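Residue numbers (the working numbering): 123 to 580.
See structure below.
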Amino acid sequence: MADFNVERLVNHLPTVTPFTWNHPLPKAAVLVPLQKRNGEYHVILTLRSAHLTMHPGEVSLPGGKQEETDSSPIDTALREANEEIGLVDCEVVATMTPIVSRMGIIVFPVVAIVPPEFTPTPNYDEVELAFTVPLTIFLQLTYHATSISFWNGVPFRVHEFQYGQRIWALTANILVHVAEIAYGKEAEFDFDYNLYTKIPIGIITMETAEVRLGIIGCGTMGKCIMAALIESGTLEASQIRGTAGREETVVRLKRLFPASQFACGNEETTEWANVILLWQLCKEKIVVSIAAGITLTKCQEWFPESHVVRVMTNTPCQIREGMVVLATPPSLPSKVSSTVEHLMQCLGRIRFVADRHMDAVTALCGSGPAFAWYPDGGVMMGLTRDVAVELAAQSLQGAARMVLQSGLHPAQIKDSVTTPGGCTIAGILTMEDGKIRSVLARTVQEATRVASIAGNKK
């Protein structure tokens, strides 16, 4: 990664004009306090007190609304930082382009360099604690996830980061933007500074009404995904068609989804669809693979004229509590990535990871509802602790809610994700050998190994 360069901030970020500061919309300012620690720049953040009316218990930058005595956003940002964390001495280097929050407030981010010896002193009336995180995490896919937030009925894509605390929404957008400029490098994920506040998802994706989804091989996961898409209202049943290998399966599917079409052969469905879930060679289509162990490179070799996205999810997606992990090639157009992400949002929690981690994701997330493990195995196989904990927690939460909402016995949940010769049964058998703690971690390792072998066989 390129080195931090404060001159990029000074030269790149525009100053705020008097006209902007005098705009009739309500105004606020936040300070982005950057402090060098162990040779790397960190940003000082706060956790807002739980008793506050606005955004209680959320991570934020020091800041607040403009007061009559404030002549500029710098005045507001410095005053609030002094009140919240006791900051007196700092060097303001830039005032960033303002961003309009979903509450209709113009927020002015002010970037400042804080002396290394400064220690925040939280004002407990406003903040519960102050802490620092490396600025570089806001460029890394490893810590990044997205979710959907609705405001006045309009859906927006929201960026969030897990690094001890959940850092999301407007705060996350500001920090990604600052990091991109300071390091002279784009984030490893699709990002637009104003996306959270100004651009509804429908504008950046294929229009939902245009989507024709073909599910090739409509098995357990295909049915779960189909049910979630229809029940959430993401797609109409008539926008989805599926295929199965046996006629009796087709009959069952037609009973479950009478408004959708199903067939034994793949050709007609793949010709009709413009988004393909699973497999069929077709030109200028979006191919979404949920096959364990099949790398993006291999998918691209098989489908050289299609856009390929790799997805791993789990059975709790049928009640919209799934963990959905996506891997995309660097060359994928942002519109394609956004379209797939939009379709998958109704299944549960979204996270993007690098393709090299997807076998570990398969073991930890895909097989997760059958395991009662710790996330240590995911860490062992190369996932960061934050990602492993998130995948494990979401998988277990989804499995638990499936038991409560469906009335199924936990063993039935386990059986639904256990396929003959698959990675889940391999992990279960390893788990049942005994030695609890070490075996729980080795379970994920073994399931990852089998997922990788499965990919090599195909």
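Heads up, the beta-carbon is just placed ideally off N, CA and C, and yes, glycines get one too.
If you're wondering where the values come from, they're calculated on a predicted model, not measured in any experiment.
What's the gap between the Cα of residue i and the Cα of residue j?
i	j	result
residue 221	residue 243	28 Å
residue 187	residue 231	12 Å
residue 265	residue 436	21 Å
residue 322	residue 355	Caution is warranted here: a pLDDT of 35 is assigned to residue 322, below 50, making its placement in the model unreliable, and no coordinate value can be reported.
residue 347	residue 452	26 Å
residue 150	residue 195	7 Å
residue 351	residue 173	37 Å
residue 164	residue 548	43 Å
residue 518	residue 540	16 Å
residue 414	residue 573	6 Å
residue 568	residue 444	22 Å
residue 184	residue 229	12 Å
residue 197	residue 168	19 Å
residue 288	residue 251	14 Å
residue 262	residue 162	15 Å
residue 237	residue 508	29 Å
residue 404	residue 386	Low per-residue confidence applies at residue 404: pLDDT is 44, beneath 50, and the placement is therefore not dependable, though the value from the model is reported in the following sentence. Cα to Cα, the separation comes out at about 18 Å.
residue 449	residue 383	29 Å
residue 470	residue 516	9 Å
residue 255	residue 334	43 Å
residue 432	residue 411	5 Å
residue 402	residue 425	Its pLDDT being 39, under 50, residue 402 is placed unreliably by the model, and the measurement read from it follows with that caveat. Approximately 8 Å between the Cα atoms of the pair.
If we count the other Cβ atoms within 10 Å of its Cβ and call it buried at 16 or more, is residue i buried or exposed?
i	result
residue 155	buried
residue 246	exposed
residue 419	exposed
residue 192	buried
residue 127	exposed
residue 177	exposed
residue 340	buried
residue 533	exposed
residue 211	exposed
residue 389	exposed
residue 295	buried
residue 377	exposed
residue 531	exposed
residue 325	Legend: pLDDT at residue 325 = 33, less than 50; position of this residue unreliable, no value from coordinates given.
residue 307	exposed
residue 132	exposed
residue 381	exposed
residue 367	exposed
residue 481	buried
residue 360	exposed
Which one of the options has the shortest CA to CA distance from residue i?
i	options	result
residue 483	230, 395, 511 and 456	511
residue 442	345, 180 and 335	345
residue 504	516, 522, 523 and 476	476
residue 394	428, 364 and 371	364
residue 479	470, 456 and 506	506
residue 293	166, 519, 125 and 376	166
residue 372	250, 213, 461 and 337	337
residue 391	375, 213 and 362	362
residue 447	455, 426, 486 and 427	486
residue 304	552, 551, 289 and 129	129
residue 282	456, 180, 235 and 544	180
residue 153	234, 571 and 543	234
residue 249	206, 386, 349 and 425	206
residue 522	468, 438, 463 and 473	438
residue 455	411, 430 and 170	430
residue 160	257, 219, 199 and 200	257
residue 300	472, 342, 267 and 259	259
residue 182	203, 189 and 190	203
Considering just the uninterrupted stretch of the beta strand (DSSP E) at residue i, what are its terminal residues?
i	result
residue 419	Not the beta strand (DSSP E): residue 419 falls in the alpha helix (DSSP H), residues 418–424.
residue 186	185–187
residue 470	470–474
residue 434	429–434
What residues are listed by DSSP as bridge partners for residue i?
i	result
residue 397	335 and 408
residue 549	Note: residue 549 sits in no beta bridge, so no partner.
residue 168	182 and 252
residue 457	In DSSP, residue 457 forms no bridge with anything.
residue 363	336 and 383
residue 154	233
residue 283	266 and 289
residue 163	158
Taking the alpha helix (DSSP H) that residue i falls in, what are its first and last residues?
i	result
residue 302	291–305
residue 231	Counting along the chain, residue 231 falls outside any alpha helix (DSSP H), though it belongs to the beta strand (DSSP E) covering 228–236.
residue 452	That residue, residue 452, is in no alpha helix (DSSP H); it is neither H nor E in DSSP.
residue 378	369–378
residue 351	342–353
residue 210	Residue 210 -> no alpha helix (DSSP H), and no H or E assigned at all.
residue 585	Outside the shown range of the chain, which is 123 to 580, sits residue 585, and nothing can be said about it.
residue 482	480–483
Taking 6 Å as the cut-off, does the CB of residue i come closer than this to any heavy atom belonging to the ligand SAM?
i	result
residue 223	Absence of the ligand SAM is noted for the structure shown, with no ligands found whatsoever.
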